[in-house]
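Q:
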Amino acid sequence: MSAYSIEVIAGLCGVNPVTLRAWQRYGLLNPVRNDKGQRFYNDEDLFQAHLILEWLSKGVPINQVRGIIAGEVDNIELGWQTQRKELCELLDPPQPNKLRNLLWRFGREYPGRNLVNDILRPIRKSLSSAKPAGWQQQASVLDCAIIEYATFALTTARKHSGARVLLVAWNNRSSIELWLESIQLVSEGLRVELIPHPVSWPDLTQFEMDHYLLWSDKRLSEVQQALFDDWLKQGLPVMLVGKVTQLKKKAATRAVAQRVGKLVTDGLRREAQSSPQSET
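In terms of our numbering, the sequence shown opens at residue 142 and continues consecutively.
(1) Does the Cβ of Gly-200 have 16 or more other Cβ atoms within 10 Å, making it buried, or fewer, making it exposed?
(2) What are the boundary residues of the beta strand (DSSP E) that includes Ile-317?
(3) Give every residue of the same chain whose Cβ lies closer than 8 Å to the Cβ of Ala-422, excluding the five residues on either side of it in the sequence, and list them in chain order.
(4) Since Tyr-182 is in the beta strand (DSSP E), which residue starts that stretch and which ends it?
(5) Hey, how far is the Cα of Tyr-182 from the Cα of Phe-293?
(6) When you compare the CB positions of Trp-342 and Leu-368, do they come within less than 9 Å of one another, or not?
(7) Nearest-angstrom Cα distance between Asp-284 and Ser-302?
(8) Might you give, ordered along the chain, the residues of its own chain that have their beta carbon closer than 7 Å to the beta carbon of Leu-256, omitting 5 neighbours on each side?
(9) Please identify the residue among Leu-240, Leu-187, Arg-314 whose C-alpha is closest to the C-alpha of Ser-146.
(10) Grouping DSSP H, G and I as helix and E and B as strand, with all else coil, what is Ala-151?
(11) I'd like the span of the alpha helix (DSSP H) that includes Ala-310, first residue to last.
(12) If we count Cβ pairs, one from each stretch, closer than 8 Å, do we get three or more for the segment 209 to 219 versus the segment 258 to 266?
(13) Alpha carbon to alpha carbon, how far is Gln-347 from Trp-311? Give it in angstroms, no decimals.
(14) Could you tell me the distance, in whole angstroms, from the CA atom of Ser-357 to the CA atom of Leu-381?
(15) What's the C-alpha gap between Trp-276 and Leu-268?
(16) Check the DSSP bridge columns for Leu-335 and list the partner residues they point to.
(17) What would DSSP say about Trp-372, mapped onto helix, strand or coil?
(18) Quick check: the Cα distance between Leu-153 and His-191, rounded to an integer number of angstroms?
(19) Alpha carbon to alpha carbon, how far is Glu-363 from Leu-194? Give it in angstroms, no decimals.
(20) Run through the DSSP bridge pairs and tell me what Ser-146 is partnered with.
(21) Taking DSSP as the reference, what is the three-state secondary structure of Val-340?
(22) Checking 9 Å against the spacing of the C-beta atoms, do Val-306 and Glu-334 come in under that value?
(23) Could you tell me whether the Cβ atoms of Ala-298 and Val-340 are closer together than 9 Å?
(24) In angstroms, rounded to a whole number, what distance separates the CA positions of Ala-163 and Pro-234?
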């Protein structure tokens, strides 16, 4: 039977080793230990871990997963509303210390992508769009907690092995988005260096990294696009992230639609020209 270290299992599942330890405390995993106390997992543990991830991805609270897998829970809570509500209750009135503790706990229990995309980003979007009374203060308290947690996560990740990533703000509206992105990256085992405030003309050659991520919330200018293309020609592993990727997808979809429309129009025109004129 195969035996996997906690680092290997974490890599296969796309989570941090601390998350696997948290799942063990909930009785979801039961690895064996050697004489040195090191955890080792088998194929059944790996299957169980992916099953846990499947339920968590649906927004099931971590404390309900064991009962669901065991067939003991019928009323299943989905959609992340429970986790968001827990955090929001600590924003009005503000309870910064409890908020930090809960955010740290969620950071241990849930994959980084779910913490960021299913809990934190929706809360921030809801505050900014609904604008409840005192929303700016609540958003600031939450953002401060996010930065503190992200700083902790970045520092912890640098103590371990993993690819080195530089995440740079190029064109961004909010630096918090980059802090959130860094939480996702370190949860995948990457060591991240972060430049959260916009740098118009970054010199990536000054950093020795395995990957370079440029965050942009708008289309690149002609000069920026030329600079990006030059990095590619130099062989730098650069990639655009942020809303610019959505804009590119929309532009590509629009271009495809225009080309298809033109082909259809040209085809109909040729067909009309080749068909005999009707008799009068």
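Backbone N, C-alpha and C define an ideal beta-carbon position, used for all residues, glycine too.
A: In this structure, then:
(1) Per the 10 Å Cβ criterion, buried.
(2) Membership of Ile-317 in any beta strand (DSSP E) is not indicated; the residue belongs instead to the alpha helix (DSSP H) covering 317 to 328.
(3) This structure leaves residue 422 out entirely; the chain is present only between 142 and 421.
(4) From DSSP, the beta strand (DSSP E) with Tyr-182 extends over 180 to 182.
(5) Straight across, the Cα-Cα distance linking Tyr-182 with Phe-293 is about 27 Å.
(6) Pairing Trp-342 with Leu-368 gives a Cβ-Cβ distance under 9 Å.
(7) Linking Asp-284 to Ser-302 through their CA atoms gives a straight-line distance of about 28 Å.
(8) Within the same chain, Leu-256 has close Cβ partners Phe-247, Gly-248, Ile-324.
(9) For Ser-146, the nearest C-alpha among the options comes from Leu-187.
(10) Collapsing the DSSP output to three states places Ala-151 in a helix.
(11) In the DSSP annotation of this structure, Ala-310 is not part of any alpha helix (DSSP H); the continuous beta strand (DSSP E) holding it starts and ends at 305 to 312.
(12) When Cβ pairs closer than 8 Å are counted between the two stretches, the segment 209 to 219 is seen not to touch the segment 258 to 266, the count staying below three.
(13) Taking the straight line joining both Cα atoms gives about 16 Å.
(14) Distance between the alpha carbons of Ser-357 and Leu-381 is about 7 Å.
(15) Roughly 6 Å between the two C-alpha positions.
(16) According to DSSP, which records beta bridges pairwise, Leu-335 is partnered with Leu-308.
(17) Trp-372: helix per DSSP, three-state reduction.
(18) Rounded to the nearest angstrom, the gap between the Cα atoms of Leu-153 and His-191 is 9 Å.
(19) Taking the straight line from one Cα to the other gives about 42 Å.
(20) Bridge partners of Ser-146: Phe-181.
(21) In the structure shown, Val-340 adopts coil according to DSSP, grouped into three states.
(22) Yes, the pair counts as a contact, with Cβ atoms nearer than the cut-off.
(23) Not a contact, by the Cβ cut-off of 9 Å.
(24) Their Cα atoms are separated by approximately 29 Å.
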